[in-house]
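The structure under discussion appears below in the form of structure tokens.
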């Protein structure tokens, strides 16, 4: 299978922005957006030509990580990379937690004659604010890329951190992640489950809705980020994305001719 083939992977014809727009129109609250993904491999110079687009596209194979201190979640009997199917995009969900931080009701600062700054804090009982914490270690490294690539994986999308950037780039293996780190998985995190639904959020549902990635949902990732297209919406997404592209092309043509954005949107988008 060719991940850039329009017949085998038709979603690869569309950018992640076009797909998110289509998903929003179809009622998916998050637009399928997998938050904060950056393309770490190929390197910064890849895809800089106007005729070249780096786009990862394929069905998802999910991996759920947990903190190593979690003694209740299941443990895998095989290394998760050894179970990766051919022609899939590995989606790794690294663990995150939430700290309840007590919020001061007032803060009083004063200086003593000795120029020592004294801080007086009064805490309001039971008034706390949640602070999101995420694993700072990498959950994917160069050896993981070598193993996944040898099994025919198409790439990896990590809701967490990666490391060994030069190894991924040398291998030409697509890696998208929230960030990168120098420390590896152990002793901080461990894999707990594969081929299960994973929920990937922005840290607060009040700020932005989470995206659930189910096994074999479609993953598309490019320079703008990563999107999950539910497998049951594939046909509708392709139709809506194609219509959206045609409308945007008409808008672009008129705006370049000097027509107003508001006027153009009303004409072609109906608003």
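Numbering (full-length UniProt numbering), first residue to last: 1 to 271. Virtual Cβ for every residue (Gly too), placed ideally from N, Cα, C.
Here residue 39 is bridged, per DSSP, to 176. Residue burial annotation: residue 246 is exposed, with fewer than 16 other C-beta atoms found within 10 angstroms of its C-beta. Here the alpha carbons of residue 135 and residue 81 stand approximately 20 Å from one another. Per DSSP, residue 64 is one residue of the beta strand (DSSP E) stretching across 56 to 67. The C-beta separation of residue 92 from residue 63 comes to about 5 Å, placing the pair in contact by the 8 Å criterion. In the displayed model, residue 191 falls within a strand according to three-state DSSP. The straight-line gap separating the alpha-carbon atoms of residue 168 and residue 88 is approximately 17 Å. In the displayed model, residue 222 falls within a strand according to three-state DSSP. Looking only at 222, 138, 202, 180, the smallest Cα-Cα distance to residue 186 is reached by 138. When DSSP states are grouped into helix, strand and coil, residue 244 belongs to the helix group. Rounded to the nearest whole angstrom, the C-alpha separation of residue 84 and residue 155 is 11 Å.
The count of Cβ pairs closer than 8 Å, one atom from the region 184 to 198 and one from the region 220 to 238, stays below three, leaving the stretches out of contact. Under the three-state reduction of DSSP output, residue 161 falls in the strand class. Contact between the region 167 to 182 and the region 24 to 31 is not established, with fewer than three Cβ pairs separated by less than 8 Å. In the DSSP assignment, residue 134 is bridged to 96. The Cβ atoms of residue 54 and residue 42 sit closer than 8 Å to each other. Boundaries of the alpha helix (DSSP H) harbouring residue 145: 142 to 150, taken from the DSSP string. Measuring C-alpha to C-alpha distances from residue 231 to each of 61, 255, 39, 175 identifies 61 as the nearest.
In the DSSP assignment, no residue is bridged to residue 207.
Contact between residue 177 and residue 33 does not hold, since the beta-carbon distance rounds to 15 Å and is not under 8 Å. Taking every protein chain shown into account, the CB of residue 182 has fewer than 16 other CB atoms within 10 angstroms, so this residue is exposed. Within the same chain, and ignoring the five residues on either side of residue 250 in sequence, the residues whose Cβ sits closer than 7 Å to its Cβ are 268. Residue 161 is not a Cβ neighbour of residue 86, given a cutoff of 8 Å.
When secondary structure is reduced to three states using DSSP, residue 212 falls in the strand class. Residue 220 is not a Cβ neighbour of residue 23, given a cutoff of 8 Å. Linking residue 201 to residue 142 through their CA atoms gives a straight-line distance of about 26 Å. Collapsing the DSSP output to three states places residue 28 in coil.
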